[in-house]
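What follows is one structure encoded as structure tokens, with my remarks underneath.
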Amino acid sequence: MDLQGRNLVTTLDLTPDEVRGLIDSAIALKRGERDAALSRKVAALVFFNPSVRTRISCESAMARYGGTAIAINPGKDTWNFETKEGVVMDANTQEHIRELAPVITRMCHFVGIRKSELITVGSAQGEASGDYYELAKDEFIHRFIEFAEAPVVNLESNRWHPMQSLADSTTMVEKLGETRGQKYVLTWAWHPKSLPVATPHSQLMSAVNLGMDVTVLRPEGYGLEPEVMAAAKERAEALGGTVSETDDQDAAYAGARVVCAKAWASLDYYGRFDQEAKDKAPLRPDWIVNEAKMAKTADGLFMHCLPVRRNIIVTDGVLDGPLCVVKDEAENRLWTAAAVFDAIGKK
Amino acid sequence: MDLQGRNLVTTLDLTPDEVRGLIDSAIALKRGERDAALSRKVAALVFFNPSVRTRISCESAMARYGGTAIAINPGKDTWNFETKEGVVMDANTQEHIRELAPVITRMCHFVGIRKSELITVGSAQGEASGDYYELAKDEFIHRFIEFAEAPVVNLESNRWHPMQSLADSTTMVEKLGETRGQKYVLTWAWHPKSLPVATPHSQLMSAVNLGMDVTVLRPEGYGLEPEVMAAAKERAEALGGTVSETDDQDAAYAGARVVCAKAWASLDYYGRFDQEAKDKAPLRPDWIVNEAKMAKTADGLFMHCLPVRRNIIVTDGVLDGPLCVVKDEAENRLWTAAAVFDAIGKK
Amino acid sequence: MDLQGRNLVTTLDLTPDEVRGLIDSAIALKRGERDAALSRKVAALVFFNPSVRTRISCESAMARYGGTAIAINPGKDTWNFETKEGVVMDANTQEHIRELAPVITRMCHFVGIRKSELITVGSAQGEASGDYYELAKDEFIHRFIEFAEAPVVNLESNRWHPMQSLADSTTMVEKLGETRGQKYVLTWAWHPKSLPVATPHSQLMSAVNLGMDVTVLRPEGYGLEPEVMAAAKERAEALGGTVSETDDQDAAYAGARVVCAKAWASLDYYGRFDQEAKDKAPLRPDWIVNEAKMAKTADGLFMHCLPVRRNIIVTDGVLDGPLCVVKDEAENRLWTAAAVFDAIGKK
């Protein structure tokens, strides 16, 4: 797969064919059938938020093939960055993205960026003063790319998490073989915090890109971004798949080959998450994945991007059961990361 | 030395013969007589506590032989982890060790874990709300191993610090040649804080494993864990060595070939360290290693695991004297780390 | 360039010939015409202060040639260090530099150290309780070297930033070709904070070492350290260059081939930076680099070490104009870092 010089920012940046190419590449790397061209290559990984899987998968992917990743935590071990134009920088920001982006991309072969307002440690709630559509502009990564001189990979923004999408697609190809026409359910789950939509947006696309019949199962008011849903439907149609939405859990689970669970904030509550916590409390008992629901599927696989709160998103019984593939899904973050860096690197 | 797939958690996990094999391997690596099979291997190092020697020795060991170490600081740049079974995770913990362990060990070839309640920066005192025997279960690392799919190395827990033990043994073999029957004194020292027993437990074994005549010199009430002492005695007997305990400093120093100093908390004071600080104050003047005491030894070498508080644990005169081997001891952390990772790695 | 075993602490440590040798080496590395002997070498980078360019340039330099850098943040992920002699270490410091330096330098092939009291994140003002000349002793790095067993590189101290000097010299050689007799202006700029003089001291030398005609342009009271100015003049004379000082902006800009801007604290205000902020307020409107001033130069290049506060130090128009070379200057941090580590390493 040759995607030399390409950025990977939104999950729509890759065509379904390119996704297929990267999956094949990732599986070949996993099987040890090929090498990735990362020897003496350097990736800078800019983490505005904490990370386990993303950081380790990217660092290990570089290291296994002779390269190196440098993890950077802005505002802790670096300066505060400015993205606005024409600013008189006499306050808290010290370096403009017009300098930052070219400098990092001249020193490193790739840059990965994680910047989301809603990814936080422990029980702390992320802040979102503006509305969702303001955050969804993902200004930092887009501005960074404007001035970058090397490929940039999105390691989760407010709107997209393309690396998760690739790992999920790879896992489904491995486990299901032919994916076309298989039923995939992306189900909302209750969670004490208000979490970002980047991952469910990207998981939606992980199934759409494989031509699956996709159901987004969520309570009223928890629909994903309409523009993302529209793009998903358009792509699904072209591939012979479908995308639908429902709050009928019985109908959704019935016959599902894959159930992917995820908590996310309602787009209507951005900036009012305390209110959301109160208003969504009644949803808690019903919106958890459990053995009874999974029994309605057609031996459905259980997927989750991790980290997962046990007995909140999903019961121990499902997670520890034989149809849970979350470990494989996480492991595939490694091989798909290697495939992506290999593909976008200078040949 | 082939220990493929083995974990190294307690200092008793290695037989004396295996310790000898690792010492030989470490010395050969130090002399440049062999390579370690670490090229393109990746170690994840999970540090719940600060570190200098441990982190640099492990990272440098991997790097010198073509591998890579990824240092992770839980709760700072990652999530908070859960170890209990059946928990409804609606509070501060975000990821269960049942997911964490397999995910990290699928992405990396080795994992190192440092988790001790009593290792802290500066004058801050570590907390220990439970009693010693609660902490000594070292639950995190044992639970991690339960779900891990690659070898795990203890980089210091509440009860054991096996990597320090190996470095100390290596240093004594280098300096003394034949160690059997030589007199080794592990002496308690006063310290403003209450420090863990993991290192003295492991230093005790560093000498026992070499068949030395070992004296644990400590004030009343500062004995090491009885079960550890019993295991040490049993192993010593099998190797023709001895283990004894005393508070008689004159007798202990007399004829010693090695004096290893270390501060540690009394097991009786866990959870009451403010009280310990008051009660142990009278011990301060007598329980420091100084030139006068060292003069009673048989040209005894001075050892300490570092970091060492000067003129508290030991005087400048001893530390800067010709029989102080703390630098070699620290350097051997590097070569023994390389030997361990080399030995436990997939061949 | 062979500087085996040499330390690089002050910008005067290298002769102009050695600077030339490192520039040639850096340019050859940049062009891919040679390799650096860094394979399986390890550098420990000790950062008491935040960093972007310095850390990434050093880490990437090591990584691109098969080596590894380990970044350490004292007091966060390590102990607190002691440098004074004869101290009874019963307070906040835990490890003496007499142990720290030999231990790190036995484990790693190189050490880089950044320690400046005035480098801080965001709008926080660095502290300087003592006077400038106390800080300018750069005690930590000098004491470290006293006990080190491998080469040490200064990554910015209170007085010097030699790696910046090399990158600036390299950039001017690349852009100007023959530098002898060319006019170089180092201009002070207003800044909300009080910043260190290490960089302007080193930038001064970056031009002096190339035999340029150097003007230090600054308001009254903002002269650089007299001893540094004297050393610069002496070296300039020997090379056929000049060093002068003025507060006449018109005269200084006229005919300049290079304008290098930098904010720095007045040596008279150390320990009274709140007062400095008030007293220097009137300088703000006049002491910024803008298009009108640059128009007086002889197509002068604009240089800055970065990070730069836009529309404070320099206007957007100059920074985004065709004669701004700050990106090249930053990129050259990478190639000169590689050249330095290559030169000082064991052959």
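If you read the sequences in order, they're chains A, B and C. Position 28 (the first sequence) corresponds to 28 in our numbering; numbering is contiguous. Position 192 (the second sequence) corresponds to 539 in our numbering; numbering is contiguous. Position 232 (the third sequence) corresponds to 926 in our numbering; numbering is contiguous. Even for Gly, the Cβ is constructed at its ideal location relative to N, Cα and C.
Coarse secondary structure for residue i, derived from DSSP in three states
i: residue 71 of chain A; result: strand
i: residue 753 of chain C; result: helix
i: residue 242 of chain A; result: strand
i: residue 977 of chain C; result: helix
i: residue 680 of chain B; result: helix
i: residue 489 of chain B; result: helix
i: residue 380 of chain B; result: coil
i: residue 466 of chain B; result: coil
i: residue 368 of chain B; result: helix
i: residue 255 of chain A; result: coil
i: residue 778 of chain B; result: Because residue 778 of chain B is not part of the residues shown, which for chain B are 348 to 694, the question remains open.
i: residue 374 of chain B; result: helix
i: residue 395 of chain B; result: coil
i: residue 112 of chain A; result: strand
i: residue 906 of chain C; result: coil
i: residue 789 of chain C; result: strand
i: residue 159 of chain A; result: coil
i: residue 1004 of chain C; result: strand
i: residue 928 of chain C; result: helix
i: residue 276 of chain A; result: helix
i: residue 82 of chain A; result: strand
i: residue 617 of chain B; result: coil
Presumed contact (8 Å Cβ cut-off) between residue i and residue j, rounded CB distance
i: residue 880 of chain C; j: residue 954 of chain C; result: 5 Å
i: residue 829 of chain C; j: residue 852 of chain C; result: 4 Å
i: residue 252 of chain A; j: residue 215 of chain A; result: 5 Å
i: residue 898 of chain C; j: residue 926 of chain C; result: 5 Å
i: residue 716 of chain C; j: residue 1030 of chain C; result: 6 Å
i: residue 19 of chain A; j: residue 209 of chain A; result: 5 Å
i: residue 876 of chain C; j: residue 907 of chain C; result: 7 Å
i: residue 982 of chain C; j: residue 884 of chain C; result: 7 Å
i: residue 347 of chain B; j: residue 611 of chain B; result: Because residue 347 of chain B is not part of the residues shown, which for chain B are 348 to 694, the question remains open.
i: residue 857 of chain C; j: residue 748 of chain C; result: 7 Å
i: residue 602 of chain B; j: residue 645 of chain B; result: 5 Å
Proximity winner among the options, relative to residue i (alpha-carbon distances)
i: residue 428 of chain B; options: B/443, B/514, B/365 and B/416; result: B/443
i: residue 891 of chain C; options: C/1009, C/846, C/956 and C/907; result: C/956
i: residue 969 of chain C; options: C/731, C/752, C/886 and C/832; result: C/886
i: residue 737 of chain C; options: C/844, C/889 and C/905; result: C/844
i: residue 922 of chain C; options: C/873, C/983 and C/961; result: C/961
i: residue 499 of chain B; options: B/655, B/360 and B/591; result: B/360
i: residue 90 of chain A; options: C/979, C/1015, C/1034 and C/1021; result: C/979
i: residue 301 of chain A; options: A/329, A/234 and A/113; result: A/329
i: residue 60 of chain A; options: A/221, A/332, A/346 and A/256; result: A/332
i: residue 7 of chain A; options: A/256, A/334 and A/143; result: A/143
i: residue 569 of chain B; options: B/492, B/433, B/520 and B/626; result: B/626
i: residue 106 of chain A; options: C/1034, C/780 and C/1020; result: C/1020
i: residue 1028 of chain C; options: C/854, C/861 and C/727; result: C/861
i: residue 45 of chain A; options: A/39, A/52, A/320 and A/58; result: A/58
i: residue 10 of chain A; options: A/161, A/321 and A/51; result: A/161
i: residue 977 of chain C; options: C/882, C/1013 and C/990; result: C/882
i: residue 457 of chain B; options: B/386, B/463 and B/470; result: B/386
DSSP beta-bridge partners of residue i
i: residue 187 of chain A; result: A/217 and A/261
i: residue 1018 of chain C; result: C/996
i: residue 355 of chain B; result: B/500
i: residue 43 of chain A; result: A/69 and A/110
i: residue 636 of chain B; result: B/661
Cβ-heavy atom distance, residue i to the ligand ADP, below 7 Å
i: residue 264 of chain A; result: The model on display carries no ligand, and the ligand ADP is accordingly not part of it.
- Message: Against chain A, which members of the segment 441–459 of chain B pass a CB distance test of less than 8 Å?
- Response: Cβ contacts with chain A come from 441, 442, 443, 445, 446, 447, 449, 450, 451, 453, 454 and 455.
- Pull out every residue of the segment 382–396 of chain B whose Cβ sits closer than 7 Å to any Cβ of chain A, in chain order. Those would be 387, 389 and 391, in chain order.
- Message: Residues of the segment 50–66 of chain A in Cβ contact with chain C at a cutoff of 7 Å, in chain order, please.
- Response: Cβ contacts with chain C come from no residue of the segment 50–66 of chain A.
- Would you list, in chain order, the members of the segment 645–657 of chain B that have their beta-carbon closer than 8 Å to a beta-carbon of chain C? The residues in question are 653, 654, 655, 656 and 657.
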